[in-house]
Amino acid sequence: MNIAILSISDTRSPDNDASGQKLAELAGELGNVISREIVTDDAAAISAALIRICDGGDTDCVLTTGGTGFADRDNTPEATRAVIEREAPGIAEAMRRETARFTPYAMLSRAVSGIRGRTLIVNFPGSTKAVEECFEVIRPVLKHAVELLSGRTAH
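Taking our numbering, the leading residue of the sequence shown gets 29, the next gets one more, and so forth.
So this is what it looks like as structure tokens:
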């Protein structure tokens with residue numbers, strides 16, 4: 029499984045992108061992290077990056093971190109919805125439901141997940157702790173979801 033990590037932030041750099049680093053470490057336990065990059069919170073920049081990564085042909089899954097809250101510049105869900113062809117709402121719903129056991133702030137996440145072509149896109153919050161908690165929720169199903177998209181398994 030080839031995974032791309034896309035960090036979304038106006039303030040992060042490769043040197044201080046803790047949530048992107050954590051997401052890459054966790055994803056690396058399930059597959060090959062083939063790219064890791066940072067884009068600004070600009071919706072057009074996020075959409076363009078998602079299209080480029082998904083349509084490149086070698087990425088099975090894009091995991092984003094950041095931009096899923098209520099701030100004016102939190103544009104990740106809208107940018108993701110603009111490029112996906114089908115939603116996969118159960119993934120984001122499960123992350124919110126399960127992490128709400130740890131913090132009521134989980135209900136403030138606007139993260140979405142969906143499919144573009146044969147690539148799964150999953151939005152994660154921007155905090156390292158939330159990345160860890162959310163990843164543990166989807167860990168059991170991520171590989172199977174990607175296999176279903178690629179046609180490598182039946183359901």
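Heads up, the beta-carbon is just placed ideally off N, CA and C, and yes, glycines get one too.
- At a Cβ-Cβ threshold of 7 Å, Arg146 and Ser137 do not count as neighbours.
- Its Cα nearest to that of Ala73, the residue Asp38 stands out among Asp38, Glu113, Leu148.
- Remark: C-beta atoms of Leu51 and Ile33 approach each other more closely than 7 Å.
- Separation of the CB atoms of Gly94 and Ser35 is rounded to 6 Å, and the pair is thereby assigned contact status at 8 Å.
- Listed in chain order, the non-local C-beta contacts of Arg40 below 6 Å within the same chain comprise Ile66, local neighbours out to five positions each way being set aside.
- The DSSP-derived three-state label of Thr108 is helix.
- Glu113 is the residue among Glu160, Asn151, Phe130, Glu113 whose C-alpha sits nearest the C-alpha of Leu177.
- For Thr147, DSSP records a beta bridge to Arg144.
- Membership of Glu113 in any beta strand (DSSP E) is not indicated, and neither H nor E is assigned to it by DSSP.
- Of the other Cβ atoms in all chains shown, fewer than 16 fall within 10 Å of the Cβ of Pro132; this residue is therefore exposed.
- For the segment 31 to 116, the full-length beta strand (DSSP E) segments reaching 3 residues or more read 60 to 67, 89 to 93 along the chain.
- For Phe130, the three-state secondary structure derived from DSSP is coil.
- The alpha carbon of Asn44 has as its nearest neighbour, out of Thr156, Val174, Met135, the alpha carbon of Thr156.
- With a cutoff of 7 Å on beta-carbon distance, Leu148 and Ala128 are scored as not near each other.
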